């Protein structure tokens, strides 16, 4: 990703009346802007770990000329998110930010001395009338006019909006790279360009998988890094048992050759996505540019995997927060070129800066079925049943749960991961010779068991003819099972793949009356799993992009959408969300 990240623009608006009114408010208004900028820069990071940058308008904004000057400054500073703050009345449509292609929020100070809340209501009305949805931030408790505090509830809304809005800004202008085409008829790998363009502001790039063969044969990769990577793999990657029947097992020499191919595939996929200046030094200037891809997908099955090693190692390492070069930001790569799950992984990643687990939503295990098969009665968070999340593909090594926050299993941004934690994630993973019945070309499948006790959110984006994109999500927890129980259940499917046992939170409403309901209402065969209960942030992000949310188990108090959504109804928020998204249409 390019280092020229989008910035947050802070707009201090003010009552334009001179001869005492405006002059009395200048320091207070600019102070609000400065405090919001400082707060966001302290709390938010870009994907490389550097603090988010905020740009404040050169002056307070009391009328249209100053609004235009701020817009001009923001354009030159690559501002992708707009936050307006004020403690007082201002002239609504004269001071508002009119850029309909970026997300907007307004914080109206709740104080009795000046009517900041009145301006908030007025300008949000103008935004609604002009068709530019904006988020309203209004503190619950009245503050004194001289207060320099940002109340806790205002902080929460500022962060929720800014995280989601920055995710939107980071996607704009980037690419989705399809490496291959449709995998086994999976709908998500039927890449829909109009969706990427209209909803995400992204372009689509394509390469045929034969490009890998060309780069193998013409040695279009950094051979020094290849030697380093292969050495790291031999030293650190534990080879698991071969689960293939004897007549399908390959020799150690063939496995060595496959390891070399898998490592080359990893280097090539990364270079295809983001480029590599080293290639220009080798005489491959065009290839050195890459495809400006923030996310990609590898088809693999079956045209590639019937002859060449599968993409499991490649996808696993790229999606992880570390490799032979040390800790670094993940590269988001979807198995089977499932672009819709890739985009969901991207949403999760941009909201958290953490690696993602890609998995099949494979099996619902009821308490009765588990007890029948294993004799074990599920308890605790698993008492109502479990979802078995498992897939041959891009489950990041971070998903082992070997990282810690406050002594508990976690997945952290790469800059917070210790070298020891990274090593332990690799140490707790086996790379098993791939099932030859599935993957005739061989390769190595990633095999680990996710530690229980992590709060996680599983999400999925779906496309519906006549409706467009729809997001669904479920918060829950990873679960530990007794070793013998896990082994019995795991070996009923392919035991060479990574397993995450997931217990959704139930609400006794809608799709969350039982774990079976969650499974039964899931829209596709894949899901993207992120550390943390980030459902509220996903809902905010979806509303900015005008993508309705079809199912979620997020408490109503945590939901934050543009204020105009309430004008589509307040009794049935799900229905109002659908109508609002349809009315305003995709962001771009």
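In our numbering, the protein residues as written are 305 to 892.
For each residue, glycine too, the CB sits at the ideal point set by N, CA and C.
Quantities reported herein were computed from a predicted structural model and do not represent experimental measurements.
7 Å Cβ cutoff met for residue i and residue j
| i | j | result |
| --- | --- | --- |
| residue 604 | residue 577 | no |
| residue 312 | residue 349 | no |
| residue 738 | residue 614 | yes |
| residue 600 | residue 474 | no |
| residue 371 | residue 399 | yes |
| residue 751 | residue 800 | yes |
| residue 647 | residue 826 | no |
| residue 385 | residue 471 | no |
| residue 838 | residue 863 | no |
| residue 861 | residue 872 | no |
| residue 802 | residue 755 | no |
| residue 314 | residue 341 | yes |
| residue 493 | residue 640 | yes |
| residue 680 | residue 789 | yes |
| residue 765 | residue 644 | yes |
| residue 849 | residue 503 | yes |
| residue 616 | residue 711 | no |
| residue 658 | residue 717 | yes |
| residue 895 | residue 591 | Any property of residue 895 remains undetermined from this structure, which presents the chain solely from 305 to 892. |
| residue 636 | residue 618 | no |
| residue 678 | residue 792 | yes |
Exposed unless 16 or more other CB atoms sit within 10 angstroms - verdict on residue i
| i | result |
| --- | --- |
| residue 706 | buried |
| residue 622 | buried |
| residue 461 | buried |
| residue 629 | exposed |
| residue 709 | exposed |
| residue 362 | exposed |
| residue 549 | exposed |
| residue 780 | buried |
| residue 830 | buried |
| residue 896 | Absent from the model: residue 896. The displayed extent of the chain is 305 to 892, so no value can be given. |
| residue 488 | exposed |
| residue 741 | exposed |
| residue 447 | buried |
| residue 685 | buried |
| residue 464 | buried |
| residue 881 | buried |
| residue 581 | exposed |
| residue 415 | buried |
Other residues of its chain near residue i: CB distance less than 6 Å, five sequence neighbours each side excluded
| i | result |
| --- | --- |
| residue 485 | 603 |
| residue 865 | 847 |
| residue 422 | 393 |
| residue 719 | 353 |
| residue 367 | 320 and 398 |
| residue 417 | 449 |
| residue 512 | none |
| residue 431 | 438 |
| residue 878 | none |
| residue 445 | none |
Nonlocal neighbours in the same chain, by C-beta distance under 8 Å from residue i, ignoring five residues either side
| i | result |
| --- | --- |
| residue 428 | 410, 438, 440, 867 and 868 |
| residue 819 | 668, 670, 688, 689, 690, 691, 807, 808 and 810 |
| residue 306 | Only weak support exists for where residue 306 lies, its pLDDT of 46 falling under 50; the value from the coordinates is given anyway. Excluding positions up to five away in sequence, the list reads 596. |
| residue 551 | none |
| residue 324 | none |
| residue 355 | 345, 346, 348 and 349 |
| residue 546 | 553, 736 and 737 |
Other residues of its chain near residue i: CB distance less than 7 Å, five sequence neighbours each side excluded
| i | result |
| --- | --- |
| residue 299 | This structure cannot settle anything about residue 299, because the visible part of the chain is limited to 305 through 892. |
| residue 530 | 567, 568 and 571 |
| residue 821 | 815 |
| residue 382 | 308, 310 and 311 |
| residue 538 | none |
| residue 906 | Nothing about residue 906 can be reported from this structure: the residues present for the chain run from 305 to 892 only. |
Proximity test, Cβ basis, 7 Å: residue i and chain B
| i | result |
| --- | --- |
| residue 403 | Structure shown: chain B not included; a single protein chain is present. |
Discussion item. Assess contact between the stretch 685 to 701 and the stretch 852 to 872, defined as three or more Cβ pairs (one per stretch) separated by less than 8 Å. Is contact present?
Written reply: no
Practice prompt. Scan the stretch 333 to 412 and note each continuous beta strand (DSSP E) run of 3 residues or more that stays entirely inside, going in chain order.
Written response: Runs found: 358 to 360, 383 to 390 and 408 to 412.
Discussion item. Give the list of continuous beta strand (DSSP E) stretches no shorter than 3 residues that lie fully inside the stretch 556 to 617.
Written reply: Within the stretch 556 to 617, the complete beta strand (DSSP E) runs of at least 3 residues fall at 597 to 602.
Fill in: Secondary structure, beta strand (DSSP E): runs of 3+ residues fully inside the stretch 483 to 541
Listed in chain order, the complete beta strand (DSSP E) runs (minimum 3 residues) inside the stretch 483 to 541 are 507 to 511.
Worksheet item: Just checking, does the stretch 753 to 768 make contact with the stretch 831 to 850 on the three C-beta pairs under 8 Å criterion?
Response: Flag = yes, the stretch 753 to 768 and the stretch 831 to 850 touch.
Worksheet entry | Stretch pair the stretch 730 to 750 + the stretch 768 to 787: three plus CB contacts closer than 8 Å | no
Item to complete: Entirely within the stretch 426 to 458 and at least 4 residues each: give me those alpha helix (DSSP H) ranges in chain order.
Response: Residue ranges of uninterrupted alpha helix (DSSP H) with 4 or more members are absent from the stretch 426 to 458; none lies entirely inside it.
Discussion item. What ranges does the alpha helix (DSSP H) occupy inside the stretch 836 to 878, keeping only unbroken runs of at least 4 residues that lie completely in it?
Written reply: 839 to 849
Worksheet item: In chain order, which continuous runs of the alpha helix (DSSP H) of length 4 or greater are located wholly inside the stretch 700 to 741?
Response: Listed in chain order, the alpha helix (DSSP H) runs fully inside the stretch 700 to 741 are 723 to 731, counting runs of at least 4 residues.
Item to complete: Counting only runs of 3+ residues fully inside the stretch 626 to 651, write out the beta strand (DSSP E) ranges in chain order.
Response: 636 to 639
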